[in-house]
Amino acid sequence: MPAAIIYENASRPLKTLSPEKAPFSLNEIFEKLQNKIRGRKLRPGVFGIVKSYNWRESNEKNIGKAKVLSTTSNGEESGSIRFENYSSHSTNYTDYFKARPFDLPFERDSARNVKDISTTAPISDKKSLDLDFVEIIQSGPQDSFVPHQFQDFRRQWLRQRRARVDWQKMIQPCVDNMAWGQVKNHWVKLNRTNAVTSEVIFWDIKPAREFSKIFIQSKTSDNRTKMIGGDTWRVYLRGPSSIAATLFDHNNGTYEALFLIMEPGIYQLMINLDYSLCDGFRDPPSDWFIKGNAQGKYQKDGLLGLLDDYLIQPFQNGNPIIINVPESKLNISLIEHLRKDLDSCSYTCNHLWDGFGRWENNEWIPFLDDSYHWSMPRQYQSAGFLWIYGDSLAVRLVSSVQSRALCSRLYWGCGRSYNWIYPVISEALSKQQNDDLDFSSEKVIETIKDVLRRREMQRRDSVLLLNLGIHFPISVNFSTFQRLVGDLINVLKETRINSQGDRVPKYPAKVIWKSSTAIHKEKAEVKNKTNWRFFTTQVST
Numbered sequence: 042m043p044a045a046i047i048y049e050n051a052s053r054p055l056k057t058l059s060p061e062k063a064p065f066s067l068n069e070i071f072e073k074l075q076n077k078i079r080g081r082k083l084r085p086g087v088f089g090i091v092k093s094y095n096w097r098e099s100n101e102k103n104i105g106k107a108k109v110l111s112t113t114s115n116g117e118e119s120g121s122i123r124f125e126n127y128s129s130h131s132t133n134y135t136d137y138f139k140a141r142p143f144d145l146p147f148e149r150d151s152a153r154n155v156k157d158i159s160t161t162a163p164i165s166d167k168k169s170l171d172l173d174f175v176e177i178i179q180s181g182p183q184d185s186f187v188p189h190q191f192q193d194f195r196r197q198w199l200r201q202r203r204a205r206v207d208w209q210k211m212i213q214p215c216v217d218n219m220a221w222g223q224v225k226n227h228w229v230k231l232n233r234t235n236a237v238t239s240e241v242i243f244w245d246i247k248p249a250r251e252f253s254k255i256f257i258q259s260k261t262s263d264n265r266t267k268m269i270g271g272d273t274w275r276v277y278l279r280g281p282s283s284i285a286a287t288l289f290d291h292n293n294g295t296y297e298a299l300f301l302i303m304e305p306g307i308y309q310l311m312i313n314l315d316y317s318l319c320d321g322f323r324d325p326p327s328d329w330f331i332k333g334n335a336q337g338k339y340q341k342d343g344l345l346g347l348l349d350d351y352l353i354q355p356f357q358n359g360n361p362i363i364i365n366v367p368e369s370k371l372n373i374s375l376i377e378h379l380r381k382d383l384d385s386c387s388y389t390c391n392h393l394w395d396g397f398g399r400w401e402n403n404e405w406i407p408f409l410d411d412s413y414h415w416s417m418p419r420q421y422q423s424a425g426f427l428w429i430y431g432d433s434l435a436v437r438l439v440s441s442v443q444s445r446a447l448c449s450r451l452y453w454g455c456g457r458s459y460n461w462i463y464p465v466i467s468e469a470l471s472k473q474q475n476d477d478l479d480f481s482s483e484k485v486i487e488t489i490k491d492v493l494r495r496r497e498m499q500r501r502d503s504v505l506l507l508n509l510g511i512h513f514p515i516s517v518n519f520s521t522f523q524r525l526v527g528d529l530i531n532v533l534k535e536t537r538i539n540s541q542g543d544r545v546p547k548y549p550a551k552v553i554w555k556s557s558t559a560i561h562k563e564k565a566e567v568k569n570k571t572n573w574r575f576f577t578t579q580v581s582t
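In this note's numbering, the protein residues as written are 42 to 582.
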């Protein structure tokens, strides 16, 4: 089942429980474990610091497995934790704890006034039971394992996709700490997270084609355990394929990295800390756009003072963390099974391509293996016009499709608009133009309306492929960009009365929102350059 973890700093042999090793019954062991955990200051997603563990596989087909890991004390506050009826197939420990809010000795409000944002973990009481790993065997119906697996897969699949579009959840740990120049009490540089001292405290590595996860515990440079969120961790996996994990900030010092590996084999976890203390979510100063050129760009170096908040720290000095992902033992594809299950837009939307997948041999392979091989009827006649609106990526896209069937057979033509914030006629000229004016959403929307008013776009079979790309979130604050998108949607929904007296769309062309390509700021030559300060993974998601 889940793979053994190969971890360079694993410090001691594994001690799986067996009758000859333990002088206690399973019930006694479980009771001792509960007593051991009570009184510890646990947080969602954290069972404790895990040195190492493995799985002992049973030959019985009707056996399920649950694991309970020992914990290290993080404080003196007490909390009651119940483990009854907890399924081994449901590994979302955050959901487990959220279902028991009154058991948790902490406040959920991210705006709380926290005096102690970290704590130093004392040495565990050596007199208590030294229980590294408990394997609990649960008997059940022979065919119950796959349904449980599917339900867990389904939950993680939906959870990962919601995380991509749930901006409120994304900014929750920093919702009151995004203004430039604002420093909350105790959120000073002394309390920055340090990637060298931080730890991976929990592993749940599943076979290929199932979701795996790790939990990272943030710590300061002097080894204090963090109790707040706001860090930006970046987790990649490199092996037979290359995958980017989805990160969840649990707003308590722990971060969950969730990933779906499709190809079995040996993978290296590459973990980096980009920002801490909500620095990855900072809004530009109120006069940021004015201080730039007419496009709100190219602010002078030094305008924001000394910048050192882009950390790019490798986890534990870059010491390799290797995992072994075994082959799947399932005789069905969970993804294909999921396709049949998700037939409602309340779960997912067929008109929103999720963009999740992996790289294998320099080829992008989406998890949803949709076929893009299309053909047209012999008698098909080109109809409509395709207009691509965006930045330099839009220019490249038009160049790549201009001579292909998309622009010569499916549509009878393609056009483009090149913009940063406003239209760009000449890059050299746009860099030099200055007007000392603030951002104008009306000017942006009017430019888009000019495209929709074009004669070739006054058709229902014409399409506007629209991208308001990375130039916006790095030049204006988040709320301003939100208002721009909201105002634009209202414009696109406008109607009019036609000559037959019917109410019809004012702009008949279909509009497709194109998202932006993932950024790799870590590859930039200058890491803390002023005019690129707000070019972060968070604002560009």
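Every residue, glycine too, gets a C-beta built ideally from N, C-alpha and C. Being a predicted model, the structure only gives us computed values, none of them experimental.
query, result
"Local conformation of residue 455 per DSSP, three classes", "strand"
"Residue 218 (DSSP reduced to helix, strand or coil)", "coil"
"Per-residue DSSP class, three states only, for residue 20", "With the chain covering 42 to 582 only, the question about residue 20 has no answer from this structure."
"Own chain partners of residue 488 with C-beta closer than 8 Å, once the 5 adjacent residues on each side are dropped", "458, 460, 463 and 464"
"Whether residue 270 touches residue 214 by CB criterion (7 Å)", "yes"
"Coil, strand or helix - residue 211 by DSSP", "helix"
"Meets three-Cβ-pair contact criterion under 8 Å: the segment 346-363 and the segment 465-477", "no"
"Of the listed residues 359, 490 and 455, nearest to residue 503 (C-alpha basis)", "455"
"Own chain, CB closer than 7 Å to residue 355, minus 5 neighbours either side, in chain order", "236 and 313"
"Beta-carbon proximity of residue 408 to residue 396, cut-off 7 Å", "no"
"Cut-off 7 Å between Cβ atoms - residues of its own chain near residue 439, not counting five sequence neighbours on either side", "429, 455 and 457"
"Continuous alpha helix (DSSP H) stretch holding residue 469: start and end", "468-473"
"Proximity of residue 188 and residue 249 at Cβ, strictly below 7 Å", "no"
"Boundaries of the beta strand (DSSP E) in which residue 544 is found, first to last residue", "544-546"
"Straight-line gap, residue 46 to residue 553 (C-alpha atoms, nearest Å)", "Because residue 46 sits at a pLDDT of 31, beneath the cut-off of 50, its placement in the model cannot be relied upon, and the following sentence gives the value as read from the coordinates. One C-alpha to the other measures close to 44 Å."
"Distance between residue 287 and residue 296 (C-alpha atoms, nearest Å)", "10 Å"
"Separation of residue 469 from residue 380, as counted between CA atoms", "49 Å"
"Secondary structure of residue 565, DSSP reduced to three states", "coil"
"Per-residue DSSP class, three states only, for residue 435", "helix"
"Given residue 221 as reference, the closest of 254, 484, 322 and 466 once Cα atoms are compared", "322"
"Residue 583 - partner residues in DSSP beta bridges", "What the structure shows of the chain is the stretch from 42 to 582, and residue 583 is not part of that stretch, so it cannot be assessed."
"Presumed contact (8 Å Cβ cut-off) between residue 194 and residue 252, rounded CB distance", "6 Å"
"Own chain residues within Cβ distance below 6 Å of residue 515, not counting five before or after", "575 and 576"
"Given 8 Å, three or more beta-carbon pairs between the segment 515-532 and the segment 317-333", "yes"
"Residue 432 classed as buried or exposed, judged by whether at least 16 other C-beta atoms fall within 10 angstroms", "buried"
"Of the listed residues 539, 500, 559 and 485, nearest to residue 336 (C-alpha basis)", "485"
"Rounded straight-line distance, which links the Cα of residue 216 to that of residue 277", "26 Å"
"Nonlocal neighbours in the same chain, by C-beta distance under 6 Å from residue 228, ignoring five residues either side", "318"
"Buried versus exposed, by CB contacts within 10 Å (16 or more), residue 467", "exposed"
"Buried/exposed call for residue 499, threshold 16 Cβ in 10 Å", "exposed"
"Neighbourhood of residue 448 by C-beta, 6 Å cutoff - its chain only, sequence neighbours within 5 removed", "442 and 455"
"Strand pairing of residue 417, partner residues [DSSP]", "DSSP lists no partner for residue 417."
"Option in 567, 566 and 196 with minimal Cα separation from residue 375", "196"
"Residue 243 to residue 258 span [Cα, whole Å]", "9 Å"
"With 16 other Cβ atoms within 10 Å as the buried cut-off, status of residue 279", "exposed"
"Cut-off 6 Å between Cβ atoms - residues of its own chain near residue 425, not counting five sequence neighbours on either side", "452, 500, 502 and 503"
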